[in-house]
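For reference, the structure is listed below as structure tokens.
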Amino acid sequence: MSKYAVNEKGFYGEFGGAYIPEMLVPNVEELRERYLDIIHGEEFQAEFLQLLRDYCGRPTPFFFAKRLSEKYGSRVYLKREDLNHTGAHKVNNTIGQILLARRLGKQRIIAETGAGQHGVATATVCALMGMDCVVYMGEVDMARQKPNVERMKMLGATVVPATSGSKTLKDATNEAIRDWINHPAETHYIIGSVVGPHPYPDMVARFQSIISEEMRNQLLEKEGRECPDAVIACVGGGSNAIGAFYHFLDDEGVRLIAVEGAGEGVDSGRSAATSVLGRPGIIHGSMTLLMQDEFGQITEPHCISAGLDYPGIGPVHAYLNSMGRVHYGNVTDDEALAAGYRLARMEGIIPALESAHALAWLEKEKFASDDIVVVNLSGRGDKDLMTYIQHRERITGEK
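Quick note on my numbering: the sequence shown kicks off at 269 and runs consecutively.
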């Protein structure tokens, strides 16, 4: 990722940095000074890779989707991150950060979550390591993702509802940062996406880069080449997308497509298409593209997928968008729901609504017959079953 890597001051072009309260400076500085030495250490890497293999189930399968390929007239592969332990790519990062937290001598873990997948992944690794865990989650998200709330509680985590604002991911992140400010010495904050102050975006991207590293090896095995023609991934904060893009960023011939949630339409006033609607601003400790009104107040986003319901994108994505290296598109709630039903009935896989946004892009772009297109299936749809049920008749036309 050399050409698009973070610089020594923590910026990707004009985006990034660490805009944090004074109380957090010692924590963030300690992390910044030590994270690369720790995660590049032989002992760390050995434990990290062993847990990814034996506990999470990596490498995840690389599945040739025969019926999707016939429908879209190209060679479509699915990177099955949904088959990770805990059901999403999030565990790649939480395994890495929990090992880092232990080496930093932290005793307590906090996290935020939107769809609940990062919360479950954090609660899981805390149970594995015997560490206290508090997860903040928007009250609205807790209602629409109840199975994941129960999973977190079963794993021993305390789930704290965020009741301010839109009661979704942004507000959960606000509450987690307040907790961190009040308990800076003993607490490590496991941020779940490539957002937050430096070094979090770079650190999370490195942990998630295992996705594209495996893609290259699996493509070589199946197709005799390491690079596909296109990689498609959904983007909210953007951790699964940067993981899927990471080892292809310097291969300019690989088309990289990030799909945001358009909600009810980009111009409807109920959208989460940050790359279209956002402008530079600071959220949760970094400068990035941010949906805001004329006074700089954050505009509440909307997306049917809780994991994409965020008013910003990670600073690395803001930079890649500005450089034109990644194409940022968007699909509506209904287009994502339809794509979810389509995958379920054509390949027998029920995708998370986040992943369904990436799949829906196949309807919007025509690829050549010999193109290899990889869709990163970031999570499984069990958690979204009630939403699928609620909209089934309207989307499928079935009684």
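Backbone N, C-alpha and C fix where the C-beta goes; we use that ideal spot for every residue, glycine too.
Leaving out five residues before and five after residue i in sequence, what residues of the same chain have Cβ atoms less than 7 Å from its Cβ?
| i | result |
| --- | --- |
| D652 | A620, L621 |
| L368 | Y303, I306, I307 |
| H625 | C502, V527, G529, S573, L576, V599, A604 |
| E615 | A333, R335, L336 |
| E491 | I640 |
Where does the unbroken beta strand (DSSP E) through residue i begin, and where does it stop?
| i | result |
| --- | --- |
| D400 | 400-406 |
| L524 | 523-531 |
| C394 | Segment 385-397 is the alpha helix (DSSP H) holding C394; no beta strand (DSSP E) there. |
| L645 | 640-645 |
| K737 | Outside the displayed range of the chain (269 to 667) lies residue 737, so it cannot be described from this structure. |
| G597 | 594-600 |
| F332 | 330-332 |
| A430 | 426-430 |
| R538 | R538 -> no beta strand (DSSP E), and no H or E assigned at all. |
| Y323 | No beta strand (DSSP E) holds Y323; DSSP gives it neither H nor E. |
How is residue i classed by DSSP in three states: helix, strand or coil?
| i | result |
| --- | --- |
| S554 | strand |
| C502 | strand |
| K634 | coil |
| F283 | strand |
| T354 | coil |
| Y609 | helix |
| T381 | strand |
| Y345 | strand |
| G649 | helix |
| T567 | coil |
| G580 | strand |
| R547 | strand |
| Q560 | strand |
| I618 | coil |
By the 10 Å Cβ neighbour count, where 16 or more other Cβ atoms means buried, how is residue i classified, buried or exposed?
| i | result |
| --- | --- |
| I385 | Reading off the sequence, residue 385 comes out as Gln, not Ile. So Q385 counts as buried. |
| T426 | exposed |
| A636 | exposed |
| V293 | exposed |
| S543 | buried |
| L488 | exposed |
| T431 | exposed |
| G546 | buried |
| F516 | buried |
| R648 | buried |
| G364 | buried |
| S434 | buried |
| F316 | buried |
| Q313 | exposed |
| D470 | buried |
| S270 | exposed |
List the endpoints of the continuous alpha helix (DSSP H) containing residue i.
| i | result |
| --- | --- |
| N442 | 437-450 |
| R474 | 468-476 |
| L517 | First-last for L517: undefined, no H or E at that position. |
| A626 | 621-628 |
| R242 | Residue 242 is absent from the structure shown; the chain starts at 269 and stops at 667. |
| I657 | 653-664 |
| E310 | 310-319 |
Going by beta carbon distance, what residues of the same chain come within less than 6 Å of residue i, once the five residues before and after it are set aside?
| i | result |
| --- | --- |
| T436 | G406, V408, D409, D577 |
| A391 | C401, M420, L423, A425 |
| H595 | I525 |
Kindly list the residues whose CB is nearer than 8 Å to the CB of residue i, restricted to its own chain and excluding five residues on each side of it in sequence; keep chain order.
| i | result |
| --- | --- |
| V403 | I378, A379, E380, T381, G387, T390, A391, M420, A425, T426, V427, V428 |
| L448 | Before going on, a small fix: residue 448 reads as Trp here, not Leu. Within the same chain, W448 has close Cβ partners L292, N295, I378, T455, Y457. |
| E579 | A quick correction: the sequence has Pro, not Glu, at residue 579. Once the five neighbours on either side are set aside, the close Cβ partners of P579 are K438, A540, T542, G546, I551, L558, M559, Q560, I566, T567, E568, P569. |
| I663 | D602, L605, A606, Y609 |
Does the segment 581-598 come into contact with the segment 497-517, if we say contact requires no fewer than three beta-carbon pairs (one atom in each stretch) closer than 8 Å?
yes
Touching by the beta-carbon criterion (3+ pairs, under 8 Å), the segment 516-525 and the segment 484-504:
yes
Counting Cβ pairs closer than 8 Å, one from the segment 546-557 and one from the segment 280-290, do we hit at least three?
yes
The segment 357-371 contacting the segment 313-327, beta-carbon criterion three pairs below 8 Å:
yes
Are the segment 327-345 and the segment 274-286 touching, with three or more C-beta to C-beta distances below 8 Å?
no
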